Each structure stands twice: as structure tokens, then as C-alpha cells.
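Working notes, beginning with the structure itself.
Protein chains: 4
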Amino acid sequence: MDAAELQAFLTREFPQVAEDFIVEAVGEECVIRLRVADRHLRPGGTVSGPTMFALADVGIYLAILHRLGPVALAVTTNCSMDFMRKPEAGRDLIAHVRLLKLGRVLAVGDVLIYSEGGTAPVARASMTYSIPPREKPDPAKSDPAKPEAARA
Amino acid sequence: MDAAELQAFLTREFPQVAEDFIVEAVGEECVIRLRVADRHLRPGGTVSGPTMFALADVGIYLAILHRLGPVALAVTTNCSMDFMRKPEAGRDLIAHVRLLKLGRVLAVGDVLIYSEGGTAPVARASMTYSIPPREKPDPAKSDPAKPEAARA
Amino acid sequence: MDAAELQAFLTREFPQVAEDFIVEAVGEECVIRLRVADRHLRPGGTVSGPTMFALADVGIYLAILHRLGPVALAVTTNCSMDFMRKPEAGRDLIAHVRLLKLGRVLAVGDVLIYSEGGTAPVARASMTYSIPPREKPDPAKSDPAKPEAARA
Amino acid sequence: MDAAELQAFLTREFPQVAEDFIVEAVGEECVIRLRVADRHLRPGGTVSGPTMFALADVGIYLAILHRLGPVALAVTTNCSMDFMRKPEAGRDLIAHVRLLKLGRVLAVGDVLIYSEGGTAPVARASMTYSIPPREKPDPAKSDPAKPEAARA
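Protein chains in written order, with my numbering: chain Y, 5 to 156; chain S, 5 to 156; chain F, 5 to 156; chain A, 5 to 156.
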């Protein structure tokens with residue numbers, strides 16, 4: 005899936021949060037922007053931990069979809085994060101995502117999160133996703149894991 | 005701080021999320037309830053990862069405040085989580101929190117999260133908090149880190 | 005597998021390290037002792053990080069074997085550890101291990117490590133193991149994953 | 005400290021393990037080689053988990069020393085690792101280490117470990133170190149935290 009397909013997938017599958025995230029680039033490294041809004045902030049103007057978790061989680065998920073096509077049922081099984089600096093007030097967050105492993109049953113991704121324009125990462129995350137068994141392709145049958153839009 | 009003081013602290017300092025959390029018990033183990041609402045759900049009715057992160061994060065923070073009194077500036081520096089089972093639809097989540105370390109500069113807490121009434125944990129988390137240097141008490145001067153209500 | 009079977013399994017499969025570990029108890033919680041020797045120490049007499057990692061790793065592995073029988077090919081896929089206090093010099097380390105999940109493909113365990121006689125944990129670990137697919141039992145064929153001694 | 009100083013520091017402070025590790029390069033990214041020997045192996049010829057932990061731990065420690073000079077008392081407080089592929093038999097392991105944060109009290113480093121010549125990482129680690137308070141420099145007094153060799 006390319007950037008536009010990923011953005012459409014988010015809008016379709018995760019309408020509650022889709023407008024928070026913009027797929028800026030896909031490839032060896034995927035780049036995802038979080039449009040920081042008031043609802044993401046804690047007192048003092050800093051972006052909340054759960055918001056940074058969500059950015060890392062969505063970022064790795066999209067990097068997996070970029071490689072595999074839509075796998076709507078992939079689930080996060082493990083996460084580790086380091087919160088290293090306070091995000092700068094009034095700036096979007098930019099996540100740089102790499103997939104370190106994309107195996108048959110597990111995928112591992114790595115994320116660095118920056119305040120837009122910053123050079124030192126505000127957070128680091130790695131997450132493991134469990135990938136559901138993929139059925140052998142059967143051209144005669146519609147594949148429920150691959151919605152129409154994604155095959156366009 | 006006791007359960008009522010912690011609940012009041014949440015309402016005062018984190019008004020955006022305070023109504024999500026109920027302090028059910030404090031002590032060696034602190035018990036925090038997340039009142040699951042639609043905004044916490046993902047498609048399929050499961051509670052989102054960021055919501056479970058938020059519950060673990062708030063739970064350990066409250067366990068620290070229970071022991072130290074209000075330390076409004078303690079910040080999460082590290083988190084690891086395992087997501088082990090799908091939360092049951094339509095049930096609150098209950099976090100059982102233990103502090104494993106409460107040092108001068110770092111605190112480490114451990115959380116098991118259950119669907120209410122369930123016996124197998126849906127998630128496990130451990131988090132490290134950095135505790136700001138505490139000033140030596142100076143009775144002549146108001147301490148901004150200790151709001152009035154907390155000293156009551 | 006009971007404690008004696010686990011100890012025999014260690015001796016047979018991991019002869020390089022088996023004498024380091026003693027299976028003290030199995031059950032809901034498994035208890036494994038590390039017999040601390042000079043080779044485990046760092047300058048100052050503290051037990052090295054890799055040694056504590058090894059204790060946690062072996063402990064969770066044994067807790068899985070206790071439940072599943074010998075699964076020689078289970079492999080660690082993820083680990084998180086917090087090192088909270090300096091182990092006391094000249095004391096063995098005691099690991100208390102719980103399995104939080106034992107699924108078809110993944111197992112998650114949790115460990116608290118104490119200096120013998122101590123009441124505050126020196127370290128905490130959680131680890132994920134990937135469990136190899138188990139063949140359907142075939143009484144006509146010898147199963148290489150289940151060595152003879154283990155079935156005794 | 006440059007590569008030769010780091011190697012000398014290892015030999016002096018950690019004589020039990022110093023010969024396992026070779027400082028190949030220092031800079032933005034530090035590169036550390038683990039000379040794999042029989043004592044690092046598990047049945048089947050794979051490198052043990054504790055050995056990979058040790059490589060990541062030493063690698064980040066050396067990256068901190070490279071920047072700060074000898075801080076013999078920095079201690080690991082947290083570690084997360086993903087074990088993604090089986091190391092290739094008979095090959096050294098090469099760790100690529102970056103410091104993501106070097107604060108006043110905490111440092112965070114990130115490591116990718118490869119089998120020599122391999123292009124896909126066998127493991128990923130991130131670790132937090134607690135840095136002891138540094139005394140204000142006092143030119144009149146010898147600083148016990150900075151051994152002679154390190155100032156050469």
C-alpha cells in the first residue's frame with residue numbers, strides 16, 4: 005500500500021483517530037505526522053504519553069500494511085518506550101518508523117519520534133505485532149482480509 | 005494521599021481524563037478502575053492500546069502520589085507493556101498496581117490489567133518514573149509542587 | 005514436568021550452565037535459585053546484568069516446561085528488565101516466576117529476583133517466548149522434541 | 005575516550021570479559037565486536053541470550069564513556085530487547101550503538117546486533133543507564149572517577 009492507500013485505510017478502519025495522523029512518506033523508513041491538537045496535551049502544554057504511544061503504534065502498523073497489504077487483524081503484543089525529552093509546545097510530532105523484522109507470525113518495528121524541526125528524539129519505541137495466519141490465495145473467492153479499496 | 009485525595013488530585017490536575025479513572029483502593033497494591041466508554045474502543049469493541057497505556061501510566065503515578073504526596077512533576081521515562089488477551093467487550097478495566105521501587109530519583113511500578121470479573125490478565129506493564137528533586141521543607145515558603153488540597 | 009524432571013532437563017540440554025541453577029519449587033509460582041559464584045560477579049562484588057538476565061530467562065523457560073512438558077525449541081523473542089537495587093554480595097539470587105500467558109504460539113512470563121533473605125526485589129523481568137508448533141501426537145513415531153527422560 | 009582508551013578501560017575494569025569485546029569504531033555510532041567463542045553458544049550453535057545482552061550492555065556503556073570519559077559507576081537501570089533472528093553459527097556479532105540521550109542523570113542508548121556480514125539484525129536493544137552525580141571539577145584534587153589512563 006502506498007501513502008494514499010494507507011491514509012484511506014486509516015480513515016475507513018479507524019475513523020475516530022484517522023484525522024490525527026498523516027502519512028508523509030513510505031519506504032525503507034515510513035514517516036508519520038501527528039497533528040497535535042488540544043486533546044493530546046497535558047498541563048504545561050506537553051503531549052501526553054498515551055498520544056505518543058498511539059503515534060508509535062499506528063506508525064508501525066502502517067509500516068506493516070505498507071509491506072503486506074491490509075492485514076486488519078494484526079495486533080500489538082509488546083511495546084517498549086523511552087520518553088527522553090519534553091516535546092516542544094505547539095509543534096507536530098513526526099515519527100520515523102523502520103521495520104526490523106517481518107516474519108510469518110511476528111513483526112518488529114522501531115520508531116523515533118521528534119518534535120517537528122527538532123534534531124533530538126523526544127521518544128523511542130519498539131513494538132511487536134502478531135500477524136494473523138494468511139490464507140493461501142484463492143482467486144475464486146473474495147478475501148475478507150483485503151477490502152476492496154486496498155486492492156485498487 | 006488516600007483514595008479520596010488522589011481522586012481530587014486527578015480532577016484538579018488532569019481534568020481532561022479524570023472522569024475515566026476511579027481510585028478503588030490504595031495500599032501495598034493500588035486498584036484503579038477505567039470506566040470504559042465508546043471513546044476508548046477500537047473496531048470490534050476492544051479497548052485501544054493507548055487507553056491501556058493510559059491506565060497503567062495513571063495507575064503507577066497515583067501509587068507514587070499515595071506514597072510521596074503530590075509530586076506533580078514526576079514524569080514517565082520508560083514503559084514496557086505486554087498485551088496478552090483481548091479485553092472483554094462492555095466491561096471496565098481494573099488495574100492492580102504495585103510499586104517495586106521508590107528511590108530518590110527513580111520509581112518503578114508494575115501493573116496487571118484485568119477485564120472486570122476476569123481472572124487472566126489482559127495486559128502487563130512496568131513503568132519508570134523520574135522523580136524531581138525535592139526541596140528541603142521550608143515552612144516559611146509556599147511549595148508550588150504541593151498544592152493546598154494535598155496538604156489538607 | 006516436576007522439579008526433579010526440570011533439573012534433569014537442564015543438566016541434559018544446557019550442561020554449560022545447569023549447575024548454576026536449582027529448581028526450588030514449581031507450581032503457580034516457580035522458584036529458581038542462582039548459585040552465585042565468582043564468574044557471575046562484577047567489580048565490587050555485584051552480580052552482573054547478563055547473569056540476572058540468564059536467571060530470568062531460564063526461570064521463565066522452566067515455568068513453560070513445567071506446564072507444557074519439554075519444548076526444547078521454545079525461544080525468547082522479547083525481554084524487558086528493570087534493575088532496581090544492587091544484589092547483596094555473597095548471597096544467592098532467588099527468582100520468583102509466574103506465567104501470565106501460555107498461548108498457542110506465545111508465552112509471557114514475569115519474574116521478580118531477590119537476594120536470598122531480602123524483601124525488596126533487585127530486578128524485575130518479563131519475557132516472551134515463541135512456542136514452536138506442536139505436532140499432533142503420533143504414537144507410532146518418536147518425537148525429537150520430547151526426549152526420553154522427560155517422558156519418564 | 006577513543007577506541008584504544010575504551011579498550012584499555014575494559015581490560016582494566018572488566019578483565020573477566022574484556023577479551024570478548026573489540027571496540028571497532030567510535031563516533032556518532034559506536035561499533036563493538038563480540039568475538040564469539042564456545043562459551044557463548046547454546047546447543048545448536050546459536051549465541052546465547054545472555055551473551056547478546058552482555059554485548060548490548062557493554063556497547064552502550066562504552067558509547068557513554070566515549071562521550072563522558074570514564075564514569076565507572078554508571079549502572080544499567082532498564083533494558084528492553086527483541087531477539088529477531090538466529091545468529092549465524094561461527095560468525096562474530098557486531099553491535100551498532102547510538103546514544104539517543106545523554107542527560108545529567110540518565111542516558112539512553114539503542115543497539116542493533118548483526119551477525120558479521122549479515123544485513124538483517126539478529127537483535128535490537130535499548131538500555132537506560134543511571135549516571136552518578138559528577139563532582140564539580142577541582143583542579144587541586146585528583147578525581148577518583150577519572151583514572152590516569154583515561155586522561156592520557
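Ideal Cβ positions, reconstructed from N, Cα and C, are used throughout, including at glycine.
For clarity, every value in this text was computed on a predicted model and none was experimentally measured.
Quiz item: Nearest CA to the CA of Pro2(A): which residue from Tyr133(A), Pro74(A), Val40(A)?
Solution: Since the first residue shown for chain A is 5 and the last is 156, residue 2(A) is missing from the structure and cannot be characterised.
Quiz item: Helix or strand or just coil, what does DSSP make of Pro19(S)?
Solution: On the second sequence, residue 19(S) is found 15 positions in, with the first residue counted as 1. Of the three classes helix, strand and coil, the one that applies to Pro19(S) here is coil, per DSSP.
Quiz item: Taking the alpha carbon of Met56(F) as the point to measure from, which residue in Leu116(F), Ala12(F), Gly122(F), Glu23(F) has its own alpha carbon closest?
Solution: Residue mapping note: residue 56(F) aligns to position 52 of the third sequence, counting from 1. Minimum Cα distance to Met56(F) is reached at Leu116(F).
Practice problem: Provide the residue(s) that pair with Glu33(A) in DSSP beta bridges, ordered along the chain. | Solution: The residue labelled residue 33(A) in the question sits at position 29 within the fourth sequence. Partner(s): Arg102(A).
Quiz item: Going along the region 106-126 of chain F in order, which residues come within less than 7 angstroms of chain S, judged by CB to CB distance?
Solution: Val112, Asp114, Pro125
Quiz item: Mind checking Ser74(Y): buried by the 16 CB within 10 Å criterion, or exposed?
Solution: Residue 74(Y) sits at position 70 when you count from the first residue of the first sequence. Before going on, a small fix: residue 74(Y) reads as Pro here, not Ser. Result: buried.
Quiz item: Given a threshold of 16 other Cβ atoms within 10 Å of its Cβ, counted over all protein chains shown, does Pro136(S) qualify as buried or as exposed?
Solution: Looking up residue 136(S) in the second sequence gives position 132. Its Cβ having fewer than 16 others within 10 Å, Pro136(S) is exposed.
Self-check item: Met88(S) and Ala129(S) closer than 9 angstroms at C-beta
Solution: For the purposes of this step, residue 88(S) is taken as residue 84 along the second sequence, with counting starting at 1. For the purposes of this step, residue 129(S) is taken as residue 125 along the second sequence, with counting starting at 1. Against a cut-off of 9 angstroms, the Cβ pair of Ala129(S) and Met88(S) comes out as no contact.
Quiz item: Between Ala58(A) and Arg102(A), is the Cβ-Cβ spacing less than 9 angstroms?
Solution: Here residue 58(A) refers to the residue found at position 54 of the fourth sequence. Here residue 102(A) refers to the residue found at position 98 of the fourth sequence. Not a contact, by the Cβ cut-off of 9 angstroms.
Quiz item: So what does Phe25(S) bridge to, in DSSP terms?
Solution: Residue numbering aside, residue 25(S) sits at position 21 when the second sequence is read from its first letter. Per DSSP, Leu38(S).
Exercise. Identify which residue in Gly113(Y), Gly121(Y), Arg46(Y), Ser134(Y) has its Cα closest to the Cα of Glu32(Y).
Key: Numbered from its first residue, the first sequence carries residue 32(Y) at position 28. It is Gly113(Y).
Quiz item: When Cβ atoms are compared, which residues of the region 11-42 of chain A fall closer than 8 angstroms to chain F?
Solution: Taking 8 angstroms as the Cβ-Cβ cut-off against chain F, the residues of the region 11-42 of chain A that qualify are Glu17, Phe18, Gln20.
Quiz item: Around the Cβ of Ala54(Y), are there at least 16 other Cβ atoms within 10 angstroms (buried) or fewer (exposed)?
Solution: To locate residue 54(Y), count along the first sequence from 1; it is residue 50. A small correction: the amino acid at residue 54(Y) is Pro; Ala does not occupy that position in the sequence shown. Burial call: buried.
Quiz prompt | Given Glu23(Y) as reference, the closest of Val35(Y), Ala12(Y), Ser134(Y) once Cα atoms are compared | solution = For the purposes of this step, residue 23(Y) is taken as residue 19 along the first sequence, with counting starting at 1. Closest in alpha carbon position to Glu23(Y), among Val35(Y), Ala12(Y), Ser134(Y), is Ala12(Y).
Exercise. Using a Cβ-Cβ cut-off of less than 8 angstroms, give me the residues of the region 66-83 of chain F that come near chain Y, in sequence order.
Key: Thr81, Asn82
Quiz prompt | Whole-angstrom distance between Leu77(F) and Met5(S), CA atom to CA atom | solution = Numbered from 1 along the second sequence, position 1 holds the residue referred to as residue 5(S). Numbered from 1 along the third sequence, position 73 holds the residue referred to as residue 77(F). Roughly 49 angstroms between the two C-alpha positions.
Exercise. Check Asp86(S) in the structure and name its three-state DSSP category.
Key: To locate residue 86(S), count along the second sequence from 1; it is residue 82. Asp86(S): strand per DSSP, three-state reduction.
Quiz item: Three-state secondary structure (DSSP) at Gly53(S)?
Solution: Counting from one through the second sequence, the residue named residue 53(S) turns up at place 49. Looking at Gly53(S) - three-state DSSP - the assignment turns out to be helix.
Exercise. Below 7 angstroms CB to CB, which residues in the same chain sit around Leu69(Y) once its five sequence neighbours on both sides are set aside?
Key: Mapped onto the first sequence, residue 69(Y) falls at position 65. Answer for Leu69(Y): Met5, Leu10, Phe13, Val75, listed in chain order.
Self-check item: C-alpha distance - Gly121(Y) paired with Thr132(F), whole-angstrom precision
Solution: The residue you call residue 121(Y) lines up with position 117 of the first sequence. The residue you call residue 132(F) lines up with position 128 of the third sequence. Looking at the two C-alpha atoms, the distance is approximately 37 angstroms.
Quiz item: Mind pulling the chain A residues with CB within less than 8 angstroms of Asp61(F)?
Solution: By 1-based counting over the third sequence, the position of residue 61(F) is 57. Correct list: Gly53, Pro54.
Exercise. Please check if any C-beta of chain F sits within less than 9 angstroms of the C-beta of Thr132(Y).
Key: Translated into the one-based positions of the first sequence, residue 132(Y) becomes position 128. By this cut-off, Thr132(Y) is an interface position.
Quiz prompt | Option nearest Gln20(A) by Cα separation, candidates Ser52(F), Val62(F), Met85(F) | solution = In the fourth sequence, residue 20(A) corresponds to position 16, counting from 1. Ranked by Cα distance from Gln20(A), the options Ser52(F), Val62(F), Met85(F) are led by Ser52(F).
Quiz prompt | Distance between His44(S) and Ala60(F) (C-alpha atoms, nearest Å) | solution = Taking the third sequence and counting its residues from 1, the one referred to as residue 60(F) is at position 56. Taking the second sequence and counting its residues from 1, the one referred to as residue 44(S) is at position 40. Distance between the alpha carbons of Ala60(F) and His44(S): 34 angstroms.
Exercise. State yes or no: is the beta carbon of Asp86(S) nearer than 9 angstroms to at least one beta carbon in chain D?
Key: No chain D appears in the structure shown, which is made up of the protein chains Y, S, F and A.
Quiz item: Do we get a CB-CB distance below 9 angstroms when we pair Leu97(S) with the residues of chain F?
Solution: Indexing the second sequence from 1 puts residue 97(S) at position 93. Interface residue (Cβ-Cβ distance to chain F less than 9 angstroms): Leu97(S) is not classified as such.
Quiz prompt | Counted within 10 angstroms of its Cβ, other Cβ atoms place Gly63(Y) as buried (16 or more) or exposed | solution = In the first sequence, residue 63(Y) corresponds to position 59, counting from 1. It counts as buried.
Self-check item: Contact belief for Leu110(S) with Thr81(A) at Cβ below 8 angstroms, rounded distance in angstroms
Solution: For the purposes of this step, residue 110(S) is taken as the residue at position 106 of the second sequence. For the purposes of this step, residue 81(A) is taken as the residue at position 77 of the fourth sequence. Yes, they are in contact, since the Cβ atoms of Leu110(S) and Thr81(A) sit about 7 angstroms apart, within 8 angstroms.
Quiz item: For Asp86(Y), does the count of other Cβ atoms within 10 angstroms reach 16, so buried, or fall short, so exposed?
Solution: Mapped onto the first sequence, residue 86(Y) falls at position 82. Under this definition Asp86(Y) is a buried residue.
Quiz item: If we cut at 9 angstroms on Cβ distances, does Pro136(F) have a partner in chain A?
Solution: Stepping through the third sequence from its first residue, residue 136(F) is reached at position 132. Judged by the 9 angstroms Cβ criterion, Pro136(F) is not in contact with chain A.
Quiz item: Within 10 angstroms of its Cβ, does Ala8(F) collect 16 or more other Cβ (buried), or is it exposed?
Solution: By 1-based counting over the third sequence, the position of residue 8(F) is 4. That one is exposed.
Exercise. Pick out whichever of Cys34(A), Glu28(A), Tyr65(A) has its Cα sitting closest to the Cα of Glu17(A).
Key: The residue given as residue 17(A) occupies position 13 in the fourth sequence. Of Cys34(A), Glu28(A), Tyr65(A), the residue nearest in Cα terms is Tyr65(A).
Quiz item: Between which two residues does the beta strand (DSSP E) harbouring Met5(S) extend?
Solution: Within the second sequence, residue 5(S) is the residue found at index 1, counting from 1. Segment: none, Met5(S) is in no beta strand (DSSP E) and carries neither H nor E.
Exercise. Report the partner residues of Leu110(Y) according to the DSSP bridge assignment.
Key: The count along the first sequence starts at 1 and reaches residue 110(Y) at position 106. Ser134(Y), per the DSSP bridge assignment.
Practice problem: Give the DSSP-derived three-state secondary structure of Arg128(S) in the structure shown. | Solution: Counted from its first residue, the second sequence places residue 128(S) at position 124. Here Arg128(S) sits in strand by DSSP.
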